[in-house]
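Everything on this sheet refers to the single structure shown next.
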Amino acid sequence: MQPVYVTATAQCLPGAPIANDRMADYIGRLSPEAERFGRLTLRQNGIRSRHYAIRPDGSSDWTVAKLAGTAVRDLIAGAEIDREAIGFLASATTQNDLMVPGLASGVHAESGLPPIELASLQSVCASSMMAMKAAALQVAAGEHRAAIAVGAEFSSRYFRPGFYRDTATVKLDGTLPGDAEFLRWTLSDGAAGLLIEDRPAAHGLSLRIDWISLRSFADRFVPCMTGGGAHQPDGSLKPWSLHDGAADAARAGAFQLRQDVDALYRMLPVWLGEFMRLVDEGKIDPASVDWFLCHFSAHSLRQEMARLAERAGCMIPDERWFTNIYDKGNVGAAAIFLLLDDLMRSGRLTPGQRILCAVPESGQCIMAYAAMTVVEGDSQ
Amino acid sequence: MNAPVAMTTDNRALVEAAHRGLAQTWIEFESALTQIPLVARLLAGKLRLEDYRRLLFNLRQQVVEGSRWISRAASSLGPNHEELRSLFVRHAVSEHRDYRLLEDNYVAAGGDADDIRAGRMNIGSEALSAFMYHAASRPDPVGLLGAMYVIEGLGERLAGPWSQAIREQLGLGDEAVSFLAYHGANDGDHLDMFDRALALAIADRATADEIVRHARIVARLYRLQLEEIDHG
Numbered sequence: 001m002q003p004v005y006v007t008a009t010a011q012c013l014p015g016a017p018i019a020n021d022r023m024a025d026y027i028g029r030l031s032p033e034a035e036r037f038g039r040l041t042l043r044q045n046g047i048r049s050r051h052y053a054i055r056p057d058g059s060s061d062w063t064v065a066k067l068a069g070t071a072v073r074d075l076i077a078g079a080e081i082d083r084e085a086i087g088f089l090a091s092a093t094t095q096n097d098l099m100v101p102g103l104a105s106g107v108h109a110e111s112g113l114p115p116i117e118l119a120s121l122q123s124v125c126a127s128s129m130m131a132m133k134a135a136a137l138q139v140a141a142g143e144h145r146a147a148i149a150v151g152a153e154f155s156s157r158y159f160r161p162g163f164y165r166d167t168a169t170v171k172l173d174g175t176l177p178g179d180a181e182f183l184r185w186t187l188s189d190g191a192a193g194l195l196i197e198d199r200p201a202a203h204g205l206s207l208r209i210d211w212i213s214l215r216s217f218a219d220r221f222v223p224c225m226t227g228g229g230a231h232q233p234d235g236s237l238k239p240w241s242l243h244d245g246a247a248d249a250a251r252a253g254a255f256q257l258r259q260d261v262d263a264l265y266r267m268l269p270v271w272l273g274e275f276m277r278l279v280d281e282g283k284i285d286p287a288s289v290d291w292f293l294c295h296f297s298a299h300s301l302r303q304e305m306a307r308l309a310e311r312a313g314c315m316i317p318d319e320r321w322f323t324n325i326y327d328k329g330n331v332g333a334a335a336i337f338l339l340l341d342d343l344m345r346s347g348r349l350t351p352g353q354r355i356l357c358a359v360p361e362s363g364q365c366i367m368a369y370a371a372m373t374v375v376e377g378d379s380q
Numbered sequence: 001m002n003a004p005v006a007m008t009t010d011n012r013a014l015v016e017a018a019h020r021g022l023a024q025t026w027i028e029f030e031s032a033l034t035q036i037p038l039v040a041r042l043l044a045g046k047l048r049l050e051d052y053r054r055l056l057f058n059l060r061q062q063v064v065e066g067s068r069w070i071s072r073a074a075s076s077l078g079p080n081h082e083e084l085r086s087l088f089v090r091h092a093v094s095e096h097r098d099y100r101l102l103e104d105n106y107v108a109a110g111g112d113a114d115d116i117r118a119g120r121m122n123i124g125s126e127a128l129s130a131f132m133y134h135a136a137s138r139p140d141p142v143g144l145l146g147a148m149y150v151i152e153g154l155g156e157r158l159a160g161p162w163s164q165a166i167r168e169q170l171g172l173g174d175e176a177v178s179f180l181a182y183h184g185a186n187d188g189d190h191l192d193m194f195d196r197a198l199a200l201a202i203a204d205r206a207t208a209d210e211i212v213r214h215a216r217i218v219a220r221l222y223r224l225q226l227e228e229i230d231h232g
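Here you go:
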């Protein structure tokens, strides 16, 4: 197959960075207890600032399609090729603006691209890697000369008090259970994307995509991060659409994002096990990784993973980790592209360096890794 | 993380490869455990007291053999494995009365001491125990480190959360969950010892493979033991 290269990257983070002490102005206030839980969550995830596409009054000029579309426009503006040369657009998100049609249509409409082949990938964080793999394979197979993968999230809108008020989720004292409150203090908004071509950029650095690996472990995990369903007394998850109408589903709390944090911890070894499998298969050589871009959604997850990795010779030293989560927040499906864009713009890359991307998804347990090599264009 | 592990540059890569093989075995094992009905009920918060009593009853029949097969393994370790033999002997000593905790817990959970002492192994425990004695009787049974890894891993990773969940779901006191609670609190130390043993034992690729292979066998047979609870 044709080798493929990331030749341009771009991001769109709405508005100014919002510090921790101003978060509640944007996602709204539920109760003093909720904010106490929020401070605890922030201590664990280490995030200091993030961006919101919502205003304090709950209004917004943004949609997730506009965030992604703006990132794509910037991507094209920074590319060496014309928009007409781009044949494929893959979008990734956790929750689209609309249930129908798919996000890629909305992004296409916002992007200024001419008629194009699309793929809408919907999952959680790993949807980004699904989109990247789709785009990379389209180019590698010779189907298109250039393709775009873009990830976007607009989760703050689901965290507003109106999504919780008068639902079964809110306790009598105005607090939410931890699995509902956790994500309010974890996720934020933004978009980022990659242009993938069949040749490196003539000017500056490109990233050759060496391989992308993605595996689901839903054969052994029940849903752990959910939206669109309500837990029943027997532990099962009832989809909103099987309630007695949308209002009934809303009262049951079906339209809320939930994260079972205990189950997330049970996934850690599985995610690391995938790393070990790739080491045993000869795909990853931990010693030769120059930049490790790991999308971890909590500060503490990193320590836990590090402890497990040490023994098995799978530890990548701290100084080779590249992260931006503390300043840019956890932007789900946009996160890995945001990391790649920041790394490309950091001025710290040199030809020949190897990059390893890691995107775990807690949804129903997915682990994705990708390897890239920094290459220099032949501008003659 | 710089534990005093006696690893030379010679066997470092092999020890790390064994750790990867063991970790992947463990991950598959832990995932598969959640599919076992009794464990699934525990994780879903639906355990009944009789479930817990059945678990204790069945575990006891295998645990009572634990320090015996470790001792036999120690006696099968030849002069090239003196250090490992002394680790095995110490391990056998530290575990050899564990089954009494299970008996006490069984009584505290409303069971009868004579019943549990007179109990028979289930089909899975028979298979597990038979394999352990078989492996321990062979010369230099270094592969059994893989068996210990799985069994100690149960203690280190699962016994603590399980004991807490059982206490909460069934409203039991400490005296009814001391076996699981003890292993939850102490098997981390045992795993440190295990790391040292692994570094001592692995001199070649074949030994590393044998250790991982034993772990896979024991993980499957331990699962069988839990699947066969009460199928005497």
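Chains as they are written, first to last, in this note's numbering: chain F, 1 to 380; chain P, 1 to 232.
For every residue, glycine included, the Cβ atom is placed at its ideal position computed from N, Cα and C.
Computed from a predicted structure; not experimentally measured.
Determine the closest residue to residue i out of the options, with distance taken between C-alpha atoms.
| i | options | result |
| --- | --- | --- |
| D234(F) | R20(P), S137(P), L43(P) | L43(P) |
| H108(F) | L118(F), Y265(F), T41(F) | L118(F) |
| L381(F) | A131(F), P114(F), L113(F) | Outside the shown range of chain F (1 to 380) lies residue 381(F), about which nothing can therefore be said. |
| S129(P) | A197(P), R60(P), A18(P), L102(P) | R60(P) |
| S155(F) | N96(F), Y369(F), W321(F) | N96(F) |
| G162(F) | C294(F), V270(F), G58(F) | G58(F) |
| A109(P) | A215(P), R157(P), D192(P), V177(P) | V177(P) |
| I229(P) | F57(P), Q24(P), K46(P) | F57(P) |
| D195(P) | G153(P), L77(P), G173(P) | G153(P) |
| H295(F) | A141(F), Q2(F), F88(F), Y326(F) | Y326(F) |
| E95(P) | I151(P), I166(P), R48(P), R41(P) | I151(P) |
| V63(P) | L22(P), P139(P), L102(P) | L102(P) |
| I148(F) | G102(F), W211(F), L195(F), D82(F) | L195(F) |
| A23(P) | R36(F), W211(F), V279(F) | V279(F) |
| T9(F) | V64(F), R73(F), K328(F), Q232(F) | R73(F) |
Any beta-carbon of chain P closer than 8 Å to the one on residue i?
| i | result |
| --- | --- |
| V270(F) | yes |
| D179(F) | no |
| R220(F) | yes |
| V279(F) | yes |
| G235(F) | yes |
| A53(F) | no |
Using a cut-off of 7 Å between C-beta atoms, extract the partners of residue i located in chain P.
| i | result |
| --- | --- |
| A312(F) | E16, H19, R20, A23 |
| M225(F) | In chain order: nothing, as chain P lies at least about 17 Å away. |
Is the shortest distance between the beta-carbon of residue i and the beta-carbons of chain F less than 8 Å?
| i | result |
| --- | --- |
| I27(P) | yes |
| T34(P) | yes |
| A44(P) | yes |
| R72(P) | no |
| D195(P) | yes |
| S163(P) | no |
| S178(P) | no |
| S31(P) | yes |
Show which residues of chain P have a CB atom less than 9 Å away from the CB atom of residue i.
| i | result |
| --- | --- |
| D130(F) | Residue identity differs from the one stated: residue 130(F) is Met in this sequence, not Asp. Ordered by position in chain P, no residue passes the 9 Å Cβ test against M130(F), which lies about 22 Å from the chain. |
| G273(F) | R20, A23, Q24, W26, I27, E28 |
For residue i, go through chain A and note every residue whose CB falls closer than 9 Å to its CB, in chain order.
| i | result |
| --- | --- |
| M276(F) | Considering every chain present, this structure includes no chain A. Its protein chains are F and P. |
Residue i touches chain F at which residues, Cβ-Cβ below 9 Å?
| i | result |
| --- | --- |
| D112(P) | Those do not exist, as D112(P) stays about 33 Å from chain F at its closest Cβ, beyond 9 Å. |
Is the number of C-beta pairs between the region 185 to 196 of chain F and the region 50 to 60 of chain F that are closer than 8 Å three or more? yes
Inset, instruction - Scan the region 119 to 147 of chain F and note each continuous beta strand (DSSP E) run of 3 residues or more that stays entirely inside, going in chain order. - result: none
Any contact between the region 346 to 360 of chain F and the region 368 to 375 of chain F? By contact I mean 3 or more CB pairs, one from each, below 8 Å.
yes
Quick one: any contact between the region 115 to 127 of chain P and the region 217 to 225 of chain P, if contact means 3 or more CB pairs under 8 Å?
-> yes
Query raised in the report: Considering only residues of the region 154 to 229 of chain P, which uninterrupted alpha helix (DSSP H) runs meet the minimum length of 4 residues and lie entirely inside it, listed in chain order?
Result: 160 to 170, 178 to 201, 205 to 227
Report task. Just list the beta strand (DSSP E) runs in the region 205 to 272 of chain F, keeping only unbroken ones of 3 residues or longer that don't cross its boundaries, in chain order. Result -> 205 to 216, 229 to 231, 237 to 239
* Asked: What residue ranges within the region 68 to 115 of chain F form continuous alpha helix (DSSP H) runs of no fewer than 4 residues, ordered along the chain?
  -> 103 to 111
- Given 8 Å, three or more beta-carbon pairs between the region 59 to 74 of chain F and the region 149 to 165 of chain F: yes
Would you call the region 256 to 264 of chain F in contact with the region 211 to 226 of chain F, where contact means no fewer than 3 C-beta pairs closer than 8 Å?
yes
Between the region 330 to 340 of chain F and the region 167 to 174 of chain F, are three or more C-beta pairs nearer than 8 Å? no
Fully enclosed by the region 58 to 115 of chain P, which alpha helix (DSSP H) runs are 4 residues long or longer? Scanning the region 58 to 115 of chain P for uninterrupted alpha helix (DSSP H) segments of 4 residues or longer gives 82 to 95, 98 to 108, listed from N- to C-terminal end.
message = Check whether the region 263 to 271 of chain F and the region 353 to 371 of chain F are in contact - that is, three or more C-beta pairs closer than 8 Å.
response = yes
Does the region 76 to 91 of chain F come into contact with the region 16 to 35 of chain F, if we say contact requires no fewer than three beta-carbon pairs (one atom in each stretch) closer than 8 Å? no
Tell me whether the region 9 to 22 of chain P and the region 242 to 255 of chain F touch, counting them as touching only if at least three CB pairs, one residue from each stretch, are closer than 8 Å. no
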